[in-house]
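There are 2 protein chains.
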Amino acid sequence: MVQTPVKMLERVEPPGPVGTHCILELYGCRSELLNNADYILRSLRNAAQRAGATFLKETFHCFEPQGVTALILLAESHISIHTWPESGYAAVDVFTCGDHTMPETACHFLTQAFESSQYSLHSLRRQPPQTITATARTPLVLAA
Amino acid sequence: MVQTPVKMLERVEPPGPVGTHCILELYGCRSELLNNADYILRSLRNAAQRAGATFLKETFHCFEPQGVTALILLAESHISIHTWPESGYAAVDVFTCGDHTMPETACHFLTQAFESSQYSLHSLRRQPPQTITATARTPLVLAA
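Residue numbers (the numbering used here), protein chains in the order written: chain A, 1 to 144; chain B, 1001 to 1144.
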């Protein structure tokens, strides 16, 4: 009996959401902007929106005598900022997953928002396993 | 009249706090741990403590059907984690400032906490300007 070769279904791994982690140094910023928590949070939310990401939650802290840390949680990951108004410096990172997001756009927006005279931006590809489905996750609204 | 040269005070720039940003990929983790928000938050707080950092605030979110994002705000910067329990994967970053902190120690703790079978760790030096004083900032407890 001649065996018919079984046709194997080719398993194509989904490409997975591309995770890009941007490390941004902002120099020469306007100091008062870096000490204004309301302005900072508003700017991060705007940056997320411009990156095509979905804002979910935030937390922040003001330091003595100056400086602010703010973290915003996105459906696609997060944005953080740590500011040193006395030096016009802010350390930022923008991490987003998914092909629809543009983390570099968020970085460029923040560069302008804080009137930075000089900046450096490094974009790193995160290395998720290929088994991560390309399907976006839904934030569970009822969760804390 | 012979002018006496004015002795200029030499301005010595403080070295500034060294900012280290660790990018950690955790593979082959125990899935149920990656979907347990309480365990995740506890682990991040423990990791911060082992790094010599001071926990201040946290926020987190649970995704549908699974996965957690948690951000903890430290006096010395932050730790973030984004988990994909279905793939046993977590994307972590640990950013700390100050010579007294050991972010790699936090990373190694998290590797064990989530029973990761494989991981990759990249440590980046952040580039604050030298004008940042080496003096640690005090969190303003009264702030929101």
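Cβ atoms here follow ideal geometry from the backbone N, Cα and C, with glycine treated the same way.
C-beta neighbour in chain A for residue i, strict 7 Å
i                 : result
Arg1126 (chain B) : yes
Leu1071 (chain B) : yes
Gly1059 (chain B) : Contrary to the premise, residue 1059 (chain B) reads as Thr rather than Gly in this sequence. For Thr1059 (chain B), the answer is yes, since a Cβ of chain A falls inside 7 Å of its Cβ.
Residue-chain proximity (residue i, chain B), Cβ-Cβ < 7 Å
i                : result
Thr20 (chain A)  : no
Ile132 (chain A) : yes
Pro129 (chain A) : yes
Leu121 (chain A) : no
Leu140 (chain A) : Its pLDDT being 48, under 50, Leu140 (chain A) is placed unreliably in this model, and the value from its coordinates should be taken loosely. Answer yes: the Cβ-Cβ gap between Leu140 (chain A) and chain B drops below 7 Å somewhere.
Cβ-Cβ separation, residue j to residue i (assumed contact under 8 Å), whole Å
i                 : j                 : result
Arg1050 (chain B) : Thr1105 (chain B) : 5 Å
Gly162 (chain A)  : Ala1091 (chain B) : Shown here, chain A extends from 1 to 144; a query on residue 162 (chain A) therefore has no answer.
Ser1123 (chain B) : Cys1097 (chain B) : So it is not a contact: roughly 14 Å between Cβ atoms.
Leu1073 (chain B) : His61 (chain A)   : 6 Å
Thr69 (chain A)   : Glu1058 (chain B) : Not really, about 12 Å apart at Cβ, beyond 8 Å.
Straight-line Cα distance separating residue j from residue i
i                 : j                 : result
Glu1086 (chain B) : Pro128 (chain A)  : 12 Å
Glu115 (chain A)  : His1021 (chain B) : 24 Å
Leu1056 (chain B) : Phe63 (chain A)   : 11 Å
Leu110 (chain A)  : Asp1099 (chain B) : 28 Å
Asn36 (chain A)   : Ser1117 (chain B) : 43 Å
Gln112 (chain A)  : Ala1075 (chain B) : 26 Å
Arg1126 (chain B) : Arg30 (chain A)   : 20 Å
Leu1121 (chain B) : Leu33 (chain A)   : 34 Å
Phe1095 (chain B) : Glu1025 (chain B) : 14 Å
Gly28 (chain A)   : Gly88 (chain A)   : 5 Å
Val1141 (chain B) : Pro65 (chain A)   : Note that Val1141 (chain B) scores 43 on pLDDT, short of 50, meaning its location in the model is unreliable and no value can be drawn from it.
His1108 (chain B) : Asp1093 (chain B) : 12 Å
Ile1023 (chain B) : Arg45 (chain A)   : 23 Å
Ile132 (chain A)  : Gly67 (chain A)   : 38 Å
Ala48 (chain A)   : Pro103 (chain A)  : 8 Å
Gln130 (chain A)  : Tyr1119 (chain B) : 15 Å
The ligand FAD heavy atom lying under 6 Å from the CB of residue i
i                 : result
Thr1101 (chain B) : Among the components of this structure there are no ligands whatsoever, and the ligand FAD is therefore not found.
Q) Taking one C-beta from the segment 73–90 of chain A and one from the segment 39–47 of chain A each time, how about it: are there three or more such pairs within less than 8 Å? A) yes
Q) Name the residues in the segment 23–56 of chain A whose C-beta lies less than 7 Å from a C-beta of chain B; which are they? A) Ile23, Glu25, Tyr27 and Leu56
Q) What are the residues of the segment 102–117 of chain A that lie near chain B, defined by any Cβ-Cβ distance shorter than 7 Å? A) none
(Q) Under 9 Å, CB to CB, which of the residues in the segment 1077–1094 of chain B have a partner in chain A? (A) Ser1077, His1078, Ser1080, His1082, Trp1084, Glu1086, Ser1087, Gly1088, Tyr1089, Ala1091 and Asp1093
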